[in-house]
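S.K.: I have a structure I would like to understand better, so I am pasting it below and will then ask my questions one at a time.
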């Protein structure tokens, strides 16, 4: 009679080999001991969607330990992480103006509210309390939305770095933002508006923005090398931003924003006249002139500050007896007038540099009723023609 074979004993993990377990939320975690701090054992935890994912991270950490390399332990607060993320991850990748915005939102809203919380212990409830606090202070829902967006982007990076198990900001619904109603100039206001442009040194800037829907930064960053007056063509290749009171030339807002379009004849005439006037200003300025190759500048060739341009634009409107609107409403006017004139939405979207037609139509939904009536009239005409052929 054969003696039953003894089952091999399940080998327990040795010290320092780490462990893997499944969490209640279905995700996996791997834990490895990395030493002692102040007499207490310190552990590093890796998170992942699958056992294999965290197992690879665990193997890598154990391998580094065997090679005598330190395993990074991130027992840090939200403030420490956000400061590191802003300086080392966000700053090299985003526009200067965007980085300043991220920094301000973090400094004024995130750090005071949740900065002292340990990063790994941050919860969706904490995030919700931050957003509620912003609204309770009387600030706009748009501010709350931007704060959530910054935190979500930062925590995405923390998740990729293995510092948190999940992005808790993504689990909190963003506050609903009521879109500001678009206020374009009307067809009836156009004659008075164009006459006002003719009296202004920056009139050609306003005309170009009105007729071709440039963003302010795109217009102020426009170079003569990007304008071909003979071919009547313009290329958008950069935009101007101001950061820390210094001009910065950056890539256009999106891939679709890098675009080329034909110039209207009246715009070409205005730009030729403007170029001649700029050359005269350069002679007057003499050694004070700063050459940047820009189409629109100060009287000494320096880049224009958008805040000053907007202030000048509103002054012009008041002097002309027109309703005071934002500079950006010139761009809205471009889209609205073209859509009213039955220009295809795809063409309008391309001119404005929108990524999708949906963005254009959502933004200019006030034009939709007119287009719908036009569509209904065309359908009526088609049906009548079909009936006539049947008789």
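In this note's numbering, the protein residues as written are -9 to 381. All residues carry an ideal CB built from backbone N, CA and C; glycine is no exception.
Please classify residue 285: does DSSP put it in a helix, a strand, or coil?
M.R.: Coil, per DSSP.
S.K.: What did DSSP end up calling residue 232 once you bin it into helix, strand or coil?
M.R.: Three-state DSSP puts residue 232 in a strand.
S.K.: Taking Cβ to Cβ, would you say residue 120 is nearer than 8 Å to residue 100?
M.R.: In contact: residue 120 and residue 100 (Cβ atoms closer than 8 Å).
S.K.: Out of 141, 126, 118, 343, point me to the one whose CA is closest to residue 245's CA.
M.R.: Checked all of 141, 126, 118, 343; the closest Cα to residue 245 is 343.
S.K.: So which of 325, 151, 229, 305 has the shortest CA-CA distance to residue 239?
M.R.: Comparing Cα-Cα distances from residue 239 to each of 325, 151, 229, 305, the minimum goes to 229.
S.K.: My output table needs one value for residue 107: the three-state DSSP class, helix, strand or coil.
M.R.: Coil, per DSSP.
S.K.: Once the 5 residues before and after residue 324 are set aside, which same chain residues still bring their CB inside 7 Å of it?
M.R.: Counting only Cβ-Cβ distances below 7 Å, and skipping sequence neighbours, we find 200, 201, 202, 203.
S.K.: For residue 18, which beta-bridge partners are listed by DSSP?
M.R.: Paired residues: 12, 38.
S.K.: Look up residue 301 in the DSSP assignment and say whether it is helix, strand or coil.
M.R.: The answer is helix: DSSP assigns residue 301 an H, G or I state.
S.K.: Buried or exposed for residue 383, going by 16 or more other Cβ atoms inside 10 Å?
M.R.: Any answer about residue 383 is impossible in this case: the structure gives the chain only from -9 up to 381.
S.K.: Could you round the C-beta distance between residue 217 and residue 224 to whole angstroms and report it? I think they count as a contact, below 8 Å.
M.R.: Indeed they touch by this definition, with Cβ atoms about 5 Å apart.
S.K.: Check whether the Cβ atoms of residue 257 and residue 192 lie closer than 8 Å to each other.
M.R.: No, these two residues do not count as a Cβ contact at 8 Å.
S.K.: Looking at the structure shown, is residue 254 part of a helix, part of a strand, or coil, going by DSSP?
M.R.: Coil, per DSSP.
S.K.: Mind the definition here: the region 140 to 155 touches the region 169 to 182 only if three or more C-beta pairs lie below 8 Å; say whether that holds.
M.R.: No contact exists between the region 140 to 155 and the region 169 to 182.
S.K.: Starting from residue 126, follow the beta strand (DSSP E) in both directions and report where the run begins and ends.
M.R.: Careful: residue 126 lies outside any beta strand (DSSP E), inside the alpha helix (DSSP H) at 114 to 126.
S.K.: Would you say residue 86 and residue 233 are within 8 Å of each other, going by their C-beta atoms?
M.R.: Against a cut-off of 8 Å, the Cβ pair of residue 233 and residue 86 comes out as a contact.
S.K.: Taking only three categories from DSSP, how would you classify residue 280?
M.R.: In this structure, residue 280 counts as coil in the three-state DSSP scheme.
S.K.: May I ask which residues mark the beginning and end of the beta strand (DSSP E) holding residue 200?
M.R.: Looking at the DSSP string, residue 200 is not in any beta strand (DSSP E); the run it does join, the alpha helix (DSSP H), is 193 to 202.
S.K.: Starting from residue 329 and walking both ways along the alpha helix (DSSP H), at which residues does that stretch end?
M.R.: Its alpha helix (DSSP H) spans residues 319 to 330.
S.K.: Can you tell me which of 67, 103, 76 puts its alpha carbon nearest to the alpha carbon of residue 90?
M.R.: For the residues 67, 103, 76, the minimum Cα distance to residue 90 belongs to 76.
S.K.: Quick check on DSSP: helix, strand or coil for residue 131?
M.R.: Helix, per DSSP.
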